[in-house]
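In case it helps, mature numbering (1 follows the signal peptide of the UniProt record, and there is no 0) puts the sequence shown at residues -22 to -1, 1 to 337. By construction, the Cβ of each residue, glycine as well, lies at the ideal position given by its N, Cα and C atoms. Presented below is the structure to which this report refers.
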Amino acid sequence: MWTSSSLLLLVLISSLLPSTMSSSCHQIPISHDLNSNCQDPIDGNPVFCTIQLHPIFSLSTDQRSGCIEFLKEDELIAKFNLNLVKYSRVCDEEPELFTRDVDIQYASSKRCKHAGSCQGGGCSSIDVSRPVNELRRFYEYPGKTTCEESCGGFGCGCLDPASGCLFTRTFAVPRSNEIYQLSRCKSWKDVAVLDIKGGLENGKADPVDGKFEKRTFILNPGKPDRLPTGTITMSMSSTPFYDFVHSRFLTNLNSSSTAAWTFKDEYPYLACYSVDGAMSMKNCTFTDPCKCKPAQDEAICDCPKMILSETFTHAGYGFPIVNEKYHIMRDENHRIMAELKQGVVVQFQMGFNVNARWQ
């Protein structure tokens, strides 16, 4: 007589062929010979057995529906219709910084040697981390100040022939009052939404009705959920690799709009570490993107633009991102979620008991 472990092996083998279920029912025969948990027959009464079933089946984005039947001889013992509604990856989101949409502006001021702030050894003796009087009115916003040697003498408008100082400050001026959050995903959690209809049949199998109408289950890998007649578990899955798992995401905290970060390895020019910091633009880090060169009396700077508000209207970046491979959006719980549309195979395992009688 076979043991319950032998039954489990048989059901696993039967259920894994084919690897993904077809739309027609996959039939699995059961017999009291497959399990030793049976009552001894008395005076010719039928043998009563409790059979433990643990079928494994696979569904995919190419074949979302399937059916599985358990037969005792020609009698239908249990039947389940299954449908993979969707398979998603959910972002475990972590804010990296807060920022504002800014224009990068610059101002410069030349001083001859021994005039204004250009004292002592000139630029080499000036602490540009402290406000320079000539540019003090431009310190309202976060920025960076530099000092470079400039020409001296009468030809440069100076009495002293020694090199003068050219002070330059680049700074970030807000374009709007909107606050943005740049975030990344520490990890992605797999979620399968599965519809199941069916259960145990009435008749000789069991006097208790184990059938149920369609129910929807939201499953995470390795975590069983309760069926009316047992359990259902997403045991494993196979998914393609997509670059979005390494993406950063920009969210407008005023409107809740979200987009994929379009600037690859660059960060915003203004990086603040709290919402309040971004609002006040205090205690923020400024990254100077400008390339400046000195002219005779002023600096000439080329400052590239990074307009964050345009990210949300950029084709293929603003949420929802929809293509044939995946849809990325924020769900009803405001989580970033990617629904995968291609190349996904998901394996599920059910567990339930069948009570049956044999003559």
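{"Asked": "Quick one: measure Cβ to Cβ for Q5 and L49, integer angstroms, because I've assumed they're closer than 8 Å.", "Found": "6 Å"}
{"Asked": "On the criterion of 16 or more Cβ atoms from any shown chain inside 10 Å, does G98 qualify as buried, or is it exposed?", "Found": "exposed"}
{"Asked": "Evaluate L137 with the Cβ neighbour count: other Cβ atoms within 10 Å of its Cβ, from every protein chain shown; 16 or more gives buried, anything less gives exposed.", "Found": "exposed"}
{"Asked": "Assuming V324 and L62 make a contact with CB atoms under 8 Å, what is their CB distance in whole Å?", "Found": "6 Å"}
{"Asked": "Buried or exposed, going by whether 16 or more other CB atoms sit within 10 Å of the CB of N230?", "Found": "buried"}
{"Asked": "Express the C-alpha separation of K164 and E302 in angstroms, rounding to a whole number.", "Found": "25 Å"}
{"Asked": "When the Cα atoms are used, what is the spatial distance from Q159 to N333?", "Found": "57 Å"}
{"Asked": "Would L318 pass as a contact of T217 if the rule is Cβ separation under 8 Å?", "Found": "yes"}
{"Asked": "Taking D105 as the reference, which of I314, C125, E118 has the closest Cα?", "Found": "C125"}
{"Asked": "Cβ atoms of F116 and R78: under 8 Å apart, would you say?", "Found": "no"}
{"Asked": "Keeping to the same chain, check which residues put their C-beta closer than 8 Å to that of H305; ignore five residues upstream and five downstream.", "Found": "P298, I299, A316, E317, K319"}
{"Asked": "Which same chain residues end up closer than 8 Å to K201 when comparing Cβ atoms and leaving out the 5 residues on each side of it in sequence?", "Found": "T211, M212"}
{"Asked": "Are the Cβ atoms of R153 and T236 separated by less than 8 Å?", "Found": "no"}
{"Asked": "Could you check if E112 is buried or exposed, using at least 16 other CB atoms within 10 Å of its CB as the buried criterion?", "Found": "buried"}
{"Asked": "How many Å lie between H312 and S36 at the Cα?", "Found": "30 Å"}
{"Asked": "Is the beta carbon of C143 sitting closer than 8 Å to the one on R108?", "Found": "no"}
{"Asked": "Just list the alpha helix (DSSP H) runs in the region 167 to 249, keeping only unbroken ones of 4 residues or longer that don't cross its boundaries, in chain order.", "Found": "none"}
{"Asked": "Looking only at C-alpha atoms, which of P73, I196, I82 sits nearest to L248?", "Found": "I82"}
{"Asked": "Could you give the distance in angstroms between the alpha-carbon of A183 and the alpha-carbon of P7?", "Found": "With a pLDDT of 38 at A183, under the threshold of 50, the modelled position of this residue cannot be trusted, and the question is left open."}
{"Asked": "Just to confirm my understanding: we take M257, look at its own chain, exclude 5 residues before and 5 after, and list those with CB closer than 7 Å. What are they?", "Found": "I157"}
{"Asked": "Could you tell me the alpha carbon to alpha carbon distance between F132 and P139, rounded to whole angstroms?", "Found": "7 Å"}
{"Asked": "So M257 is in the alpha helix (DSSP H); what residue range does that whole segment cover?", "Found": "253 to 258"}
{"Asked": "Check this for me: beta carbons of P199 and D168, under 8 Å apart or not?", "Found": "yes"}
{"Asked": "Taking the alpha carbon of S252 as the point to measure from, which residue in T263, V151, E51 has its own alpha carbon closest?", "Found": "T263"}
{"Asked": "My assumption, with CB atoms under 8 Å, is that A150 sits in contact with Y119. Please give the rounded CB distance.", "Found": "6 Å"}
{"Asked": "On the three-state DSSP scale, how would you describe C101?", "Found": "helix"}
{"Asked": "Tell me whether the beta-carbon of L178 lies closer than 8 Å to the beta-carbon of T209.", "Found": "no"}
{"Asked": "Which residues does DSSP pair with R67 in a beta bridge?", "Found": "D168, A316"}
{"Asked": "I need the straight-line Cα distance from residue 400 to V80, nearest angstrom please.", "Found": "It is not possible to answer for residue 400, since the shown part of the chain is limited to -22 through 337."}
{"Asked": "Going straight from the alpha carbon of S9 to that of L54, what length do you get?", "Found": "12 Å"}
{"Asked": "Which one of Q327, D280, V322, P272 has the shortest CA to CA distance from C134?", "Found": "P272"}
{"Asked": "Taking C-alpha atoms, which residue in A56, S161, G176, P246 lies nearest to E72?", "Found": "S161"}
{"Asked": "Mark P282 as exposed unless 16 or more other C-beta atoms lie within 10 angstroms of its C-beta, in which case mark it buried.", "Found": "exposed"}
{"Asked": "Would you kindly work out how many angstroms separate the C-alpha atoms of E244 and G321, rounded to a whole number?", "Found": "32 Å"}
{"Asked": "Give the straight-line distance between the Cα atoms of C270 and F145, rounded to the nearest whole angstrom.", "Found": "11 Å"}
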